[in-house]
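Novice:
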Amino acid sequence: MDGLRLKFDQIEFDQIKFTGNLTELSSLNFQSAKIKQLIFEDFKNKGSLLISSPEYVEGQTLEIIKSDMGKADLINCDYKKSDFIFINSKVSELFLAQTDFPKKINSKRSDKYSQAQLAFGQLSTAFQKQGDSVRSFEYQSREVESHYNDISLFYWPWPLINLSKISLGLNKLSNNFGRHWGRSLVFTTLSCIFIYYLLIVSTNQYRISWAFDWNPKFIPSFLKFINPIRFIDTDQVYDKLGVTLTNTSYFLDLLGRIVAAYGFYQLIAAFRKYGKKS
63 MDGLRLKFDQ
73 IEFDQIKFTG
83 NLTELSSLNF
93 QSAKIKQLIF
103 EDFKNKGSLL
113 ISSPEYVEGQ
123 TLEIIKSDMG
133 KADLINCDYK
143 KSDFIFINSK
153 VSELFLAQTD
163 FPKKINSKRS
173 DKYSQAQLAF
183 GQLSTAFQKQ
193 GDSVRSFEYQ
203 SREVESHYND
213 ISLFYWPWPL
223 INLSKISLGL
233 NKLSNNFGRH
243 WGRSLVFTTL
253 SCIFIYYLLI
263 VSTNQYRISW
273 AFDWNPKFIP
283 SFLKFINPIR
293 FIDTDQVYDK
303 LGVTLTNTSY
313 FLDLLGRIVA
323 AYGFYQLIAA
333 FRKYGKKS
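Quick note on numbering: the numbering used here labels position 118 of the sequence shown as 180, and the sequence is numbered without any gaps.
Have a look at this one:
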């Protein structure tokens with residue numbers, strides 16, 4: 063593609079496939095076009111490539127395969143409902159404005175999660191360059207989620223636990239990789255209630271039963287329990303309940319403080335997600 067200067071306005075294509083090189087002297091401009099299959103395969107862009115405001119077509123696909131997209135411009139492109147296939151390509155220098163991509167990479171390849179990590183990481187970088195911190199954070203979260211899906215829980219041949227998998231799993235469970243503060247609130251509350259319940263029944267005065275004896279003093283005791291930085295003696299948290307703490311009780315109290323601290327941290331992180339700088 064040497065010296066091309068073409069503009070397509072409101073034209074419908076069943077398929078457009080880019081291969082080879084688009085040279086510095088070439089310019090391709092697609093305005094408000096309907097493109098059912100947009101394919102970049104073994105393609106390198108050094109020229110001017112603009113796709114602006116394409117109209118959605120049912121069954122639309124976007125494929126970027128072993129290509130270098132260079133400094134192509136994608137403006138007001140809504141690919142959220144498209145099938146997105148990405149394989150070993152460079153998209154970090156794209157100019158992206160009001161453009162969105164699907165949440166998943168549609169691929170039957172065994173490395174689809176590592177490809178998704180590669181794609182979303184580069185797209186996050188591209189959005190950050192344009193100052194779109196909201197989309198940059200979203201695609202960074204997708205990158206981390208793809209990494210979580212890509213790694214295994216156990217190392218073989220020995221069944222050694224992958225602590226990174228556990229850490230990322232807790233991150234997903236507690237705030238969905240920084241995206242939802244509401245999930246952090248639910249995670250922290252329910253986890254602490256469960257641990258507090260186990261702590262109470264670990265004493266000699268209560269036991270696990272459907273007919274659990276409710277005590278109104280549980281509420282102020284629980285509020286002290288979920289304070290991870292409390293400066294009072296552990297026994298003072300439960301003294302008004304008239305219970306005797308066991309070794310198990312002390313362990314559960316420590317575990318509850320750890321879970322509460324982690325949950326509150328995840329809550330704060332999700333709250334201030336748009337204030338962070340990459």
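Even for Gly, the Cβ is constructed at its ideal location relative to N, Cα and C.
All values reported here derive from a predicted model rather than from experimental measurement.
Can you look up Q122 in the DSSP assignment and give me helix, strand or coil?
Specialist: Reduced to three states, the DSSP call for Q122 is coil.
Novice: Are the Cβ atoms of N224 and S214 separated by less than 9 Å?
Specialist: In this structure, S214 lies closer than 9 Å to N224 by Cβ.
Novice: Between the C-alpha atoms of Q99 and E117, what's the straight-line distance to the nearest angstrom?
Specialist: Approximately 12 Å between the Cα atoms of the pair.
Novice: Leaving out five residues before and five after N299 in sequence, what residues of the same chain have Cβ atoms less than 7 Å from its Cβ?
Specialist: With the sequence shown as reference, residue 299 is identified as Val, and Asn is not the correct amino acid for it. Taken in chain order, the residues that qualify are S283, K286 and F287.
Novice: List the endpoints of the continuous alpha helix (DSSP H) containing G231.
Specialist: Note, G231: alpha helix (DSSP H), L225 to N237.
Novice: Excluding the five sequence neighbours on either side, which residues of its own chain have a C-beta within less than 6 Å of the C-beta of F92, listed in chain order?
Specialist: Cβ neighbours of F92 beyond the five flanking positions: F70 and I113.
Novice: With distances taken Cα to Cα, identify the nearest neighbour of G304 among I147, A331 and N266.
Specialist: When each option's Cα is compared against that of G304, the closest is N266.
Novice: Closest to N309 by CA distance: which of E74, I127 and S264 is it?
Specialist: That would be S264, whose Cα lies nearest to the Cα of N309.
Novice: Tell me whether Y324 sits in a helix, a strand or coil according to DSSP, three-state version.
Specialist: Helix.
Novice: So T187 packs on S154, CB below 8 Å; how close in whole Å?
Specialist: With a Cβ gap of about 5 Å, T187 and S154 count as contacting.
Novice: Any idea what DSSP makes of S340, helix, strand or coil?
Specialist: Low confidence applies to S340: its pLDDT is 46, below 50, so where it sits in the model is not reliable enough to give any reading.
Novice: Per the DSSP calculation, I78 is bridged to which residue(s)?
Specialist: In the DSSP output, where bridge partners are listed per residue, I78 has L100.
Novice: Considering only DSSP beta bridges, list what E117 is partnered with.
Specialist: The partner list for E117 (beta bridge, DSSP) reads K96.
Novice: As an exercise, report each continuous alpha helix (DSSP H) stretch of at least 4 residues that is fully enclosed by the stretch 243 to 296, in chain order.
Specialist: The stretch 243 to 296 contains these whole alpha helix (DSSP H) runs: 243 to 263 and 280 to 287.
Novice: What do you reckon, are the CB atoms on G132 and K108 nearer than 9 Å?
Specialist: Their beta carbons are under 9 Å apart, which means G132 touches K108 by this criterion.
Novice: Taking the straight line between their C-alpha atoms, what separation do you get for T250 and I262?
Specialist: Straight-line Cα distance between these residues: approximately 18 Å.
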